[in-house]
Amino acid sequence: MNPDIRRERENASFNVNELTFILDGGPEKTKRRREIESLVFSDPDFSAEDPNFLSRSERYDQSVRKSAQMILKLREYGIADPEEIYHYKSCVHPGGPSPLDLHLAMFLPTLLNQATPEQMERFFMLTWNLEIIGTYAQTEMGHGTHLRGLETTATYDPATQEFVLNSPTISSIKWWPGGLGKSSNHAIVIAQLYSLGNCHGLHAFIVPIRDMSTHKSLPGIVVGDIGPKFGFSEVDNGFLKLENVRIPRENMLMKYSKVEPDGSYVKPPSSKLTYGTMVFVRSFIVGESARALAKSTTIAIRYSTVRHQSEIRPGEPEPQILDYQTQQYKLFPLLATAYAFSFVGQYMTKIYHRISESINDGDFSELPELHALSAGLKAFTTWEANSGIEVCRMSCGGHGYSRSSALPDIYVEFTPTCTYEGENTVMMLQTARYLVKSYRQAKEGQQLSGIVSYLNESQDRRLQPQAV
Amino acid sequence: ASQPPVVDVNDLSSLVEVYKRRAAILVEMAAKSIQQELQRRKSQEVAWNNSAIELVRASDAHCHYVVVKVFSEKLGEVGDTAIHTVLSTLALLYAMHGITKDSGDFLLAGLLSVPQVLQISVRIKELLSQLRPNAVALVDAFDIHDKKLNSVLGRFDGNVYENMFEWARRSPLNATEVHESFHKYLKPLRAKL
Chain A
2 MNPDIRRERE
12 NASFNVNELT
22 FILDGGPEKT
32 KRRREIESLV
42 FSDPDFSAED
52 PNFLSRSERY
62 DQSVRKSAQM
72 ILKLREYGIA
82 DPEEIYHYKS
92 CVHPGGPSPL
102 DLHLAMFLPT
112 LLNQATPEQM
122 ERFFMLTWNL
132 EIIGTYAQTE
142 MGHGTHLRGL
152 ETTATYDPAT
162 QEFVLNSPTI
172 SSIKWWPGGL
182 GKSSNHAIVI
192 AQLYSLGNCH
202 GLHAFIVPIR
212 DMSTHKSLPG
222 IVVGDIGPKF
232 GFSEVDNGFL
242 KLENVRIPRE
252 NMLMKYSKVE
262 PDGSYVKPPS
272 SKLTYGTMVF
282 VRSFIVGESA
292 RALAKSTTIA
302 IRYSTVRHQS
312 EIRPGEPEPQ
322 ILDYQTQQYK
332 LFPLLATAYA
342 FSFVGQYMTK
352 IYHRISESIN
362 DGDFSELPEL
372 HALSAGLKAF
382 TTWEANSGIE
392 VCRMSCGGHG
402 YSRSSALPDI
412 YVEFTPTCTY
422 EGENTVMMLQ
432 TARYLVKSYR
442 QAKEGQQLSG
452 IVSYLNESQD
462 RRLQPQAV
Chain B
13 ASQPPVVDVN
23 DLSSLVEVYK
33 RRAAILVEMA
43 AKSIQQELQR
53 RKSQEVAWNN
63 SAIELVRASD
73 AHCHYVVVKV
83 FSEKLGEVGD
93 TAIHTVLSTL
103 ALLYAMHGIT
113 KDSGDFLLAG
123 LLSVPQVLQI
133 SVRIKELLSQ
143 LRPNAVALVD
153 AFDIHDKKLN
163 SVLGRFDGNV
173 YENMFEWARR
183 SPLNATEVHE
193 SFHKYLKPLR
203 AKL
């Protein structure tokens, strides 16, 4: 142990373990997380080459190998709780995302949330056993966060009781979904639904894209990898062009809205339900912001106690760089932010589960608030964390530039959160729409509930500066 | 209800209140901006676009308020005195740092005075000194396993330099003493010069 860092630990005024319990949500959760970490880190099947020294193809190959091992081990150990799966996965792929992430984090949850019991019967076990490897194809080359602009069409043909899917323009080619390029054989495709000559807006369809045994692409499907990116080297983010692809009527996810065999359309109870998966992921991203900042501040603060540089008082030994006020001013507000975001992550998870339960019970009244809150906090926390990681890298001087510091990787793996699942400025404007609507309601004398209830108070009082 | 509360800049709950007021004022400003655009006979869509900067600021302020509020409420669940103390320091630092970053909002809205903002800047320095002895323990509490962190600089044992040297030696460029590019390009180049 480095003597500087040992001395730092001896000086602490609180019990570190107790604080870890608070961050994890209790001692039992910490214990279980550590058990899972130990399972992975002591398992020789997961020992791997440092990806920093591999080509992209080698990185993808290694990542697929580890993902396959992970699925087997999760079954072997009977790990099925989503939180525990997350812990296991984050140890197997500590650097970031992996090729099967969208299968586990978006394809499966979308199926669980939006499929009818008959569809579950048909697709769930195949998906669970990875006969179906799925992804979630929403974004198009020319259309991102503005979902109503998506161009992909699914036109219902009552004669054959099939949907015909098309990418009518170059800009409508699905672009960017993780695992789409090489790994997946199915995709949940978000497309504009046309039936009996009417457009009914966006709906989700399960589209087979590759043969389930040969893995070759199916007729009418043009699919591949979009090429190297800023980060995400392990993931085969892909493109998908649909040319008159026919799928059975039963492949439209019909828990909330429906197309009857004769082509008549049954509306969903809320238009926002189609975006339920995105809301789930956005809620999760808030916690990811905390984790990225926690990692970055851990690296920068530990290193700042080991590194000695220059002198504060002439003639004395070089001090630890953490003793410089400027270094503290760079890092401690970010440390505070990491803690703040950790607690906000816990809060979002709690709110998401509470409101999801209400939705399952048929109460959609809180869905707009969840939508606005998850969008705003996703944008707010990812912007803060993204710039914070870079501050941590710069605070490590020249060594922060080395990939050995892990900070460049944390940055490039985290940066996409500012654009995926909704570009941040657009997210902020979505939140603003809800705030302005709530403000107008308050002005009209309506009593608001939830997190915007403060807008009621602002109608009749103003705070003035006061001497203290 | 019309009596403005006194702002004690050292009190977290007071700061939460200030963040709340700032959010409310910025939401109101954004709504008024739209209203003014509409009064200039702009369409709803154009009015929205012409107010987008105010709208984003309002959302940002709302989210900032939520974060400060959640952090403050979390402190109420912490029973351990030593941990409560250090988390309170962090929460104060978070709230105060946010105020100095966006001091214009708080000053323009009349939520804080210039002396109060200056007082906050001084207080931030005190908080930095208070946190210094606990900095490593606070990051240790995140409990990120070395294999998960995968950082030579952030190793738990702090043995940075020796491991950095070892890591560099594993670079594929060091697999051979002389890289093949020397024979392919540099040596022939030399012969031609």
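Chains as they are written, first to last, in our numbering: chain A, 2 to 469; chain B, 13 to 205. All residues carry an ideal CB built from backbone N, CA and C; glycine is no exception.
Could you name the residues that DSSP lists as bridge partners for residue i?
i: A:Trp176; result: A:Phe240
i: A:Asn167; result: A:Thr154
i: A:Asp226; result: A:Gly239
i: A:Asn199; result: A:Ser196
i: A:Tyr435; result: For A:Tyr435, which the question treats as bridged, DSSP gives no partner whatsoever.
i: A:Lys259; result: A:Val267
i: A:Val208; result: A:Ala188
i: B:Met41; result: Its beta-bridge partners do not exist; DSSP assigns none.
i: A:Gln321; result: A:His309
i: A:Arg247; result: A:Val165
i: A:Met253; result: A:Phe206
i: A:Ser218; result: A:Arg211
Is it buried or exposed for residue i, if we count other Cβ within 10 angstroms and need 16 for buried?
i: B:Lys196; result: exposed
i: A:Leu101; result: buried
i: A:Ala468; result: For A:Ala468, the predicted model reports a pLDDT of 49, less than 50, meaning its position is unreliable; a value from the coordinates is still stated below. When all chains shown are included, A:Ala468 counts as exposed.
i: A:Gln465; result: The predicted model places A:Gln465 with a pLDDT of 47, which falls under 50 and marks its position as unreliable; any figure quoted below should be read in that light. Looking at its Cβ environment, which holds fewer than 16 other Cβ atoms inside 10 Å, A:Gln465 is exposed.
i: A:Trp384; result: buried
i: A:Glu9; result: buried
i: A:Pro95; result: buried
i: B:Ala153; result: buried
i: A:Gly401; result: buried
i: B:Glu40; result: buried
i: A:Gly198; result: exposed
i: A:Met255; result: buried
i: B:Lys160; result: buried
i: B:Val98; result: buried
i: A:Trp176; result: buried
i: B:Ala13; result: Confidence at B:Ala13 is low in this model, with a pLDDT of 30, below 50, so the placement of that residue should be treated as unreliable; the coordinate-derived value is given next. Exposed is the call here.
i: A:His187; result: buried
i: A:Cys200; result: exposed
i: A:Pro83; result: exposed
i: A:Gly78; result: For clarity, residue 78 of chain A is Tyr in the given sequence; the question names Gly instead. Per the 10 Å Cβ criterion, exposed.
i: A:Thr170; result: exposed
i: A:Met253; result: buried
Report the residue from the options whose alpha carbon sits nearest the alpha carbon of residue i.
i: B:Thr101; options: B:Asn146, B:Arg52, B:Ser193, B:Lys160; result: B:Asn146
i: A:Tyr421; options: A:Lys30, A:Leu151, A:Pro178; result: A:Pro178
i: A:Glu85; options: A:Leu408, A:Thr111, A:Lys32; result: A:Lys32
i: A:Leu24; options: A:Tyr353, A:Pro334, A:Trp176, A:Ala341; result: A:Ala341
i: A:Tyr348; options: B:Glu89, B:Ala43, B:Lys44; result: B:Glu89
i: A:Ser234; options: A:Thr432, A:Tyr325, A:Pro98, A:Ile302; result: A:Pro98
i: A:Leu55; options: B:Ser183, B:Leu201, B:Ala203, B:Phe194; result: B:Ser183
i: A:Pro262; options: A:Pro249, A:Val392, A:Asn425, A:Ile452; result: A:Pro249
i: B:Ala180; options: A:Tyr440, A:Ser405, A:Gly79; result: A:Ser405
i: A:Gly225; options: A:Phe231, A:Gly232, A:Arg211; result: A:Arg211
i: B:Leu150; options: A:Ala49, A:Tyr455, A:Val413, A:Ala337; result: A:Ala337
i: A:Ser185; options: A:Asn12, A:Asp237, A:Leu294; result: A:Asp237
i: A:Asn361; options: A:Thr21, A:Met107, A:Glu59, A:Gln115; result: A:Gln115
i: A:Gly363; options: A:Phe15, A:Tyr257, A:Tyr304; result: A:Tyr257
i: A:Asp51; options: A:Thr299, A:Val93, A:Pro110, A:Thr416; result: A:Val93
i: A:Leu40; options: A:Ile80, A:Thr382, A:Asp410, A:Tyr455; result: A:Ile80
Just the chain A side, please: which residues come within less than 8 Å of residue i by C-beta, in chain order?
i: B:Tyr220; result: With chain B covering only 13 through 205, there is no way to say anything about residue 220 of chain B.
i: B:Val90; result: Ile23
i: B:Met2; result: Look at the range of chain B in this structure, 13 to 205, and you will see that residue 2 of chain B is not part of it.
i: B:Asn171; result: Met2, Asn3
i: B:Pro184; result: Phe54
i: B:Ala59; result: Residues of chain A passing the Cβ test: none, with the nearest at roughly 11 Å.
At a CB-CB cut-off below 9 Å, which residues of chain A make contact with residue i?
i: B:Ile132; result: Going along chain A, no residue has its Cβ under 9 Å from B:Ile132, so there is no contact; the nearest lies around 11 Å.
i: B:Ile95; result: Phe15, Asn16, Glu19, Leu20, Ile23
If the cut is a Cβ gap below 8 Å, which residues of chain B does residue i touch?
i: A:Leu368; result: By Cβ distance, chain B contributes nothing, its closest Cβ being about 18 Å from A:Leu368, past 8 Å.
i: A:Gly96; result: Asn162
i: A:Ile300; result: Leu161, Ser163, Leu165, Gly166
Strictly below 7 Å CB to CB, what residues from chain B border residue i?
i: A:Gln329; result: Leu140, Arg144
Residues of chain B with a CB under 9 Å from the CB of residue i: which are they?
i: A:Asp364; result: By Cβ distance, chain B contributes nothing, its closest Cβ being about 23 Å from A:Asp364, past 9 Å.
**Request:** Could you run through the segment 303-323 of chain A and flag, in chain order, every residue whose CB is less than 7 Å away from some CB of chain E?
**Result:** Absent from the structure: chain E. Protein chains present are A and B.
**Message:** What ranges does the beta strand (DSSP E) occupy inside the segment 105-157 of chain A, keeping only unbroken runs of at least 3 residues that lie completely in it?
**Reply:** 135-138
**Item:** Runs of alpha helix (DSSP H) wholly within the segment 87-135 of chain B (minimum 4 residues, chain order)
**Value:** 93-113, 115-120
**Asked** Of all the alpha helix (DSSP H) runs that stay within the bounds of the segment 15-84 of chain A, which reach a length of 4 or more residues?
**Response** With a minimum length of 4 residues, the unbroken runs of alpha helix (DSSP H) contained wholly in the segment 15-84 of chain A fall at 17-25, 28-42, 57-78.
**Message:** Threshold first: 4 residues or longer. Then list the alpha helix (DSSP H) segments lying entirely within the segment 55-91 of chain B, N to C.
**Reply:** 56-62, 64-87
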